[in-house]
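Student:
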Amino acid sequence: MQGFTFEHGGRTYTCTKEKRMAAPVGWWWWFAVTSDQQRYAVLEVAEKDTEKSVKKRITEYYENLLRVRALPPEARHHFSRPGRPPSVNKVQAAAADSDD
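Counting from 1, position 85 in the sequence shown corresponds to residue 132 in our numbering; the numbering is continuous, with no gaps.
(1) How many angstroms separate the CA atom of methionine 68 from the CA atom of valine 89?
(2) For aspartate 83, which of Ala117, Tyr60, Glu94 has the nearest alpha-carbon?
(3) What residues in its chain sit with their C-beta under 6 angstroms from that of histidine 55, if we drop five residues either side in the sequence?
(4) Under the three-state reduction of DSSP, which class applies to valine 80: helix, strand or coil?
(5) Determine, using beta carbons only, whether valine 77 and tyrosine 87 come nearer to each other than 8 angstroms.
(6) With a threshold of 7 angstroms (Cβ to nearest heavy atom), would lysine 66 be considered close to the ligand SAM?
(7) For a test of the three-state rule: what should DSSP assign to leucine 113, helix, strand or coil?
(8) How many angstroms separate the CA atom of leucine 118 from the CA atom of valine 80?
Now the structure itself:
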């Protein structure tokens, strides 16, 4: 089986079997989607691949990718040294001031 094109969810997917030169090297299913400028190589070619099985795996991958992209960004933790904690005397003075 070589390349093929199909439609799913209002998008046109173009799939090709190509040799991937970067690690991991081997034959991979590359695909492009009409609404996306990026090409993806997420599926390694297997002997048991059929057009139906490749379509299913590609659409599941891409729909999950769209769900992840739609999530709000996660708050990132700052990886810097925390500020110096207040000294005991300042904490006691602040507590004494609030008692008044």
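Idealized CB from N, CA, C, for every residue including glycine.
Tutor: According to the structure data:
(1) The sequence position of residue 68 within the sequence shown is 21, counting from 1. The sequence position of residue 89 within the sequence shown is 42, counting from 1. Computed Cα separation, rounded: 14 angstroms.
(2) Here residue 83 refers to the residue found at position 36 of the sequence shown. The shortest C-alpha separation from aspartate 83 is found at Tyr60.
(3) Looking up residue 55 in the sequence shown gives position 8. Excluding residues within five positions, the ones whose Cβ falls inside 6 angstroms are Thr106.
(4) Locating residue 80 in the sequence shown gives position 33, where the first residue counts as 1. Valine 80 falls in the strand class under three-state DSSP.
(5) Start at 1 with the first residue of the sequence shown, and residue 77 comes out as number 30. Start at 1 with the first residue of the sequence shown, and residue 87 comes out as number 40. Before going on, a small fix: residue 77 reads as tryptophan here, not valine. Yes, the Cβ-Cβ distance between tryptophan 77 and tyrosine 87 is below 8 angstroms.
(6) With respect to small molecules bound, the structure shown includes none, and the ligand SAM cannot be examined in it.
(7) Taking the first residue of the sequence shown as 1, we reach residue 113 at position 66. Three-state DSSP puts leucine 113 in a helix.
(8) Taking the sequence shown and counting its residues from 1, one reaches residue 118 at position 71. Taking the sequence shown and counting its residues from 1, one reaches residue 80 at position 33. Rounded to the nearest angstrom, the two C-alpha atoms are 20 angstroms apart.
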